[in-house]
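Encoded as structure tokens, the structure appears first; notes follow it.
Numbering (our numbering), first residue to last: 22 to 438.
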């Protein structure tokens, strides 16, 4: 396995440490089996469960395939099935034989696919296979056993969905699975790119079935990924809800801010235009859809609320204006920190910015501030000892003023005498 070939290599450690990491919704969509459309194939996973780390969707940028995991079995079973599936696909096996590996492991599920190889699901699953013909005929077929396959060269999709125990909307999965599958088929027929369809499908699943925590998504042709945008920041937590507000942006000047900080803004603070609210599922689609200013942003070193979404907007604006320049990106981030848009982190340097122009990806490595500080200390041309002395003088003056107020009548009498 090449070092850059498969995302989320850390999944081995995570899966071994977690008792619940199962995705309950897996989707693969192929709108362009030729691979010519940069947004023609996408995949993603979400769940109501905890610990939905990026390990639930693995993507090979070199070979353009995805392996989505899940099921009712143990973490060890899923881990073993994933490792075997990745190795099998890299040896050019069919998607049907690769997905069928899940049947060798108790409770495991595998959903695998790519633009040129088709897609398949096997193991413990309840899914629909959607096919769309060139004459606009849509076929939606339910499967719950064996191996369900979307044949190579075929436009279509596979959606698996179950409800997680404890989900307040438990029992909705059957109807939502069918309705979402039909809507996916209609969007494929109507010519929407796979990345947009994935975004809308995950929003629908989140709203209507309650299986809503990231997870995330990948663009199987262009290699873009949501990375850790929506995944949990701590073990045994849920990720970001796909049906909730993620950020606000200004279409006029490009300014943007992530939630919860974005709640206090109704107008753009830079140009006074109305702000547009971006929901998490929409942010997913924007991130993995190729455009002239596409960029995948990953944030490390701090789990400050809203930091990831705001950083994403800052970096996208910087890249759109000046390209993938680590110094310019660092300057833009530091300006946002100084303006109070990014809080709880120290200034960054170009060495803290990991730019991968070929894959349109930027990683930001923050250092969290100590204590309860929300912003870095000011960089003033004055020695800190002088500031301490001035502070002491100010304290003394304050005490004298208090004494003058408290003893003013006595002092006045003494002065008169």
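Virtual Cβ for every residue (Gly too), placed ideally from N, Cα, C.
Separation of residue 360 from residue 183, as counted between CA atoms:
Approximately 44 Å, taken between the alpha carbons.
Can you tell me where the alpha helix (DSSP H) holding residue 97 begins and where it ends?
Per DSSP, the unbroken alpha helix (DSSP H) holding residue 97 starts and ends at 96 to 111.
Whole-angstrom distance between residue 292 and residue 89, CA atom to CA atom
Each residue's alpha carbon lies about 43 Å from the other.
Can you list, in chain order, the residues of its chain with a C-beta nearer than 8 Å to that of residue 362? Leave out the 5 residues immediately preceding and following it.
Once the five neighbours on either side are set aside, the close Cβ partners of residue 362 are 278, 282, 331 and 335.
Tell me which residues share the same chain as residue 348 and place their Cβ nearer than 6 Å to its Cβ, disregarding the 5 neighbours each side in the sequence.
Counting only Cβ-Cβ distances below 6 Å, and skipping sequence neighbours, we find 371.
Give the C-beta separation of residue 241 and residue 136 to the nearest angstrom, bearing in mind that I take them to be a contact with Cβ-Cβ under 8 Å.
Correct: roughly 6 Å between the Cβ atoms.
For residue 229, which three-state DSSP category applies?
Three-state DSSP puts residue 229 in a helix.
Report the three-state DSSP secondary structure of residue 296 (helix, strand or coil).
Coil.
Does DSSP classify residue 329 as helix, strand or coil?
DSSP places residue 329 in helix when its eight states are reduced to three.
Taking 8 Å as the cut-off, does the segment 385 to 397 touch the segment 316 to 330 (at least 3 CB pairs, one atom from each stretch)?
Taking 8 Å as the limit for Cβ pairs, the verdict is that the segment 385 to 397 does touch the segment 316 to 330.
How is residue 262 classed by DSSP in three states: helix, strand or coil?
Strand.
For residue 145, collect the residues of the same chain with a Cβ closer than 6 Å to its Cβ; drop the 5 residues on either side in sequence, then sort them by chain order.
Correct list, in chain order: 92, 93, 128 and 130.
Which one or two residues does DSSP pair with residue 163 in a beta bridge?
Per DSSP, 149.
Would you be able to state if there are at least three C-beta pairs under 8 Å between the segment 42 to 57 and the segment 219 to 232?
Touching, per the Cβ criterion.
Could you give the DSSP three-state label for residue 29: helix, strand or coil?
In this predicted model, residue 29 has a pLDDT of only 38, less than 50, meaning its place in the structure is not dependable; the value taken from the coordinates is given anyway. Correct three-state label for residue 29: coil.
With DSSP as the reference, please indicate the residues paired to residue 274 in a beta bridge.
By DSSP's assignment, residue 274 forms no beta bridge with any residue.
Looking at residue 477: is its Cβ nearer than 8 Å to the Cβ of residue 238?
This structure does not reach residue 477, given that the chain is present from 22 up to 438, and the question cannot be answered.
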